[in-house]
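Data block below; observations after.
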Amino acid sequence: VTGGRNGFGAKLTNIFSTRFVVETSGKGKLYRQRWNSNMAQKTKPEIKKYSGEEYTSIEFWPDLEKFGMKELEADTVAFMRKRVYDIAGSTMEKCSVYLNG
Numbered sequence: 038v039t040g041g042r043n044g045f046g047a048k049l050t051n052i053f054s055t056r057f058v059v060e061t062s063g064k065g066k067l068y069r070q071r072w073n074s075n076m077a078q079k080t081k082p083e084i085k086k087y088s089g090e091e092y093t094s095i096e097f098w099p100d101l102e103k104f105g106m107k108e109l110e111a112d113t114v115a116f117m118r119k120r121v122y123d124i125a126g127s128t129m130e131k132c133s134v135y136l137n138g
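So the working numbering is basically just the index in the sequence shown, starting at one, shifted up by 37.
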């Protein structure tokens, strides 16, 4: 499974989302930032001290209108679910992968 190359996936996901949230931790800090309306609005980054395990979390709400949809179609959901399973199956044991939660 290839992922994370050049950051295009996260950037494009943000551009085509009504809401996008990134949260990551490392080196004793926790970073969180939110974008809305296809990146037209953003919050200031929140950076706090953090002593827990390192992790990265990305949440997004696709802008269905941009894709001519009223709701996520079954084949789109199936593709996303398969991608999550592929990633989960190819990561280290310490890595937890979640879909919808």
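Every residue gets a Cβ at the ideal spot worked out from N, C-alpha and C, and that includes glycine.
As the structure is a prediction and not an experimental result, all values here were calculated from the model.
Comparing the CB of residue 93 with every heavy atom of the ligand PLP, is any distance shorter than 8 Å?
In the structure shown, the ligand PLP is absent, as is every other ligand, since no ligand is present at all.
Considering only their Cβ atoms, is the gap separating residue 73 from residue 103 smaller than 9 Å?
Contact annotation: residue 103 and residue 73 have beta-carbon atoms that are not nearer than 9 Å.
Using a threshold of 9 Å, state whether the C-beta atoms of residue 84 and residue 58 are closer than that.
no
Please report the straight-line C-alpha distance between residue 81 and residue 66, rounded to a whole angstrom.
16 Å
Would you call residue 54 buried or exposed, if buried means 16 or more other Cβ atoms sit within 10 Å of its Cβ?
buried
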